[in-house]
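Its first residue numbered 208, the sequence shown is counted upward by one per residue in our numbering. Cβ coordinates follow ideal geometry from the N, Cα and C atoms, glycine included. Read through the structure below, which is laid out as structure tokens, and then see the notes.
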Amino acid sequence: MLELDQVHAYYGRSHILHGVSLRARSGEVVSLLGRNGAGKSTTLKAVVGLVRVGEGAVRFEGRDITRLPTPRISRLGIGLVPEDRRIFADLSVLENLRVGERRDGWTLERAFDVFPALRPLAGRRGGSLSGGEQQMLTIARTLMGAPRLLLLDEPAEGLAPVVVRALGERITALKREGLTIVLSEPNLRLARRLADRAYIIEKGQIRFEGTIAELDADDRIQRAYLSV
């Protein structure tokens with residue numbers, strides 16, 4: 208479904224990604240692991256056109272989307288949940304969800320079914336929610352557009368362990384529905400629970416590709432790139 212082929216990406220003149228290649232098959236959860244600053248967020252932003260790809264190609268369902276503008280990439284069926292959430296603090300939960308609505312997208316009822324904790328909060332302002340509630344709202348808002356590929360940028364960042372577990376359960380439910388997910392995450396424990404396969408990125412280069420079982424069996428790789 209998603210393929211990055213030798214992608215080099217830049218912030219201005221700063222060369223951040225150096226030939227990144229990765230794939231996510233339909234219905235698969237793929238985790239992109241690495242320390243802070245390794246290039247995880249940049250990789251996801253390269254997929255949706257938020258950073259400049261100077262060389263290489265990004266393909267979605269066989270189509271080259273490397274040079275397409277971000278709104279068009281979104282309409283093709285790719286949704287990004289950014290690390291900083293970007294909810295509308297002065298809008299209610301319901302209004303935030305309606306911002307993400309599309310004619311052929313999810314209904315509000317479906318969003319509340321997947322994230323039941325949001326239902327009693329429908330009238331609350333987004334800025335008054337806890338960190339975990341805001342993260343669920345951000346994911347639900349993105350899903351209102353009915354993406355076939357969901358990119359999650361460090362969804363567990365700054366959340367308490369009990370909230371991370373609850374969030375993991377929601378992501379697992381989405382996986383069961385067949386949604387393809389690429390998860391940028393420094394939390395190896397969460398990746399173990401959710402992902403089918405993993406990539407490790409370090410200094411803008413892929414250092415490991417394999418199943419979670421293969422990663423668990425390689426202590427050297429974990430120590431070298433994940434501080435385990």
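Is DSSP giving Gly-417 helix, strand or coil here?
-> strand
Which residues share a DSSP beta bridge with Phe-267?
-> Leu-209 and Arg-270
Cross-strand partners of Arg-230 (DSSP beta bridge) | Glu-210
The alpha helix (DSSP H) enclosing Thr-314, as first and last residue numbers | Note, Thr-314: premise wrong, no alpha helix (DSSP H); not H, not E.
Residue ranges of each alpha helix (DSSP H) run of no fewer than 4 residues wholly in the region 385-432, ordered along the chain?
-> 395-401 and 419-423
Pull up the DSSP beta-bridge partners for Gly-286, would you.
-> Leu-357
Alpha carbon to alpha carbon, how far is Gly-226 from Val-371? Give it in angstroms, no decimals.
-> 32 angstroms
So who's on the other strand from Glu-262, going by DSSP bridges?
-> His-215
From this set, Pro-289, Arg-377, Ser-248 and Val-258, which residue's C-alpha is nearest Thr-349's C-alpha?
-> Pro-289
Simplified DSSP state of Ile-223, which is helix, strand or coil | strand
How long is the line joining the alpha carbons of Val-236 and Gln-429, rounded to whole angstroms?
-> 20 angstroms
Taking Cβ to Cβ, would you say Leu-401 is nearer than 9 angstroms to Thr-387?
-> no
Can you give the Cα-Cα distance for Leu-397 and Leu-325, rounded to whole angstroms?
-> 22 angstroms
Pick helix, strand or coil for Ser-299, following the three-state DSSP scheme.
-> strand
Do Tyr-406 and Glu-416 have their C-beta atoms closer together than 9 angstroms?
-> yes
Assign Leu-350 to one of three DSSP states: helix, strand, or coil.
-> helix
Check whether the Cβ atoms of Leu-357 and Val-306 lie closer than 9 angstroms to each other.
-> no
Just grab the DSSP bridge partners of Val-332 for me.
-> Val is not the amino acid found at residue 332; the sequence shown has Arg there. Its beta-bridge partners are Ser-299.
Quick one: using the 10 Å Cβ neighbour count with 16 as the cut-off for buried, is Asn-243 buried or exposed?
-> exposed
DSSP three-state call for Val-237: helix, strand or coil?
-> strand
Round the Cβ separation of Leu-374 and Pro-362 to the nearest angstrom and send it over; I've been treating them as touching at under 8 angstroms.
-> 6 angstroms
For the 8 angstroms Cβ check, are there 3 or more pairs between the region 246-263 and the region 337-345?
-> no
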